[in-house]
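Per full-length UniProt numbering, residue 1 is the first one in the sequence shown, and the count goes up by one each step.
Backbone N, C-alpha and C fix where the C-beta goes; we use that ideal spot for every residue, glycine too.
For clarity, every value in this text was computed on a predicted model and none was experimentally measured.
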Amino acid sequence: MENDRIAGSAKEFAGKLEGTVGDIAGDAKSQAAGRLREAKGTAQNPYGQAKDAARDVTDAAADYAKDAYENSGETFRDGTQAIARKVQDNPLGSMLIAGAIGFVLAQWLARPTRRAR
């Protein structure tokens, strides 16, 4: 729980108390000071709630990123194993695909570059 939420609630309560005491005593200065303190506490409490929410979102995103990072090696390993099985099952098709990719890359890299005019 964010300190601003606690402090805001405390200020709000103290402001209400001070305003009530001012009402009972008929002291306009105490009433005004109490209402001002209450308003400050009321404003500080949502600020603390927003900070709590931002922290929760940040923590959730960090946990998600950590899980994704930890599982990425496993996913990569699974993909590599799947490709290896496909190559073992169909070596000729794999060679033809690799050759086609090499041919396309060679054509792409060998073409002359365009010059800006």
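Between the beta-carbon of S9 and that of N45 there is about 6 Å, and that keeps the pair under the 8 Å contact cut. Collapsing the DSSP output to three states places G26 in coil. Rounded to the nearest whole angstrom, the CA to CA distance from G79 to M95 is 19 Å.
DSSP places P91 inside the alpha helix (DSSP H), whose first and last residues are P91 to A110.
Proximity of the stretch 6-22 to the stretch 38-58 meets the contact definition, three or more beta-carbon pairs being nearer than 8 Å.
Inside the UniProt domain "CsbD-like" (4-56), DSSP marks no whole beta strand (DSSP E) run of 3 or more residues. Taking 8 Å as the cut-off, the beta carbon of G41 is found closer than this to the beta carbon of E12. Within the same chain, Cβ atoms closer than 8 Å to the Cβ of K16 are found at G34 and E38, the five residues on either side in sequence being excluded.
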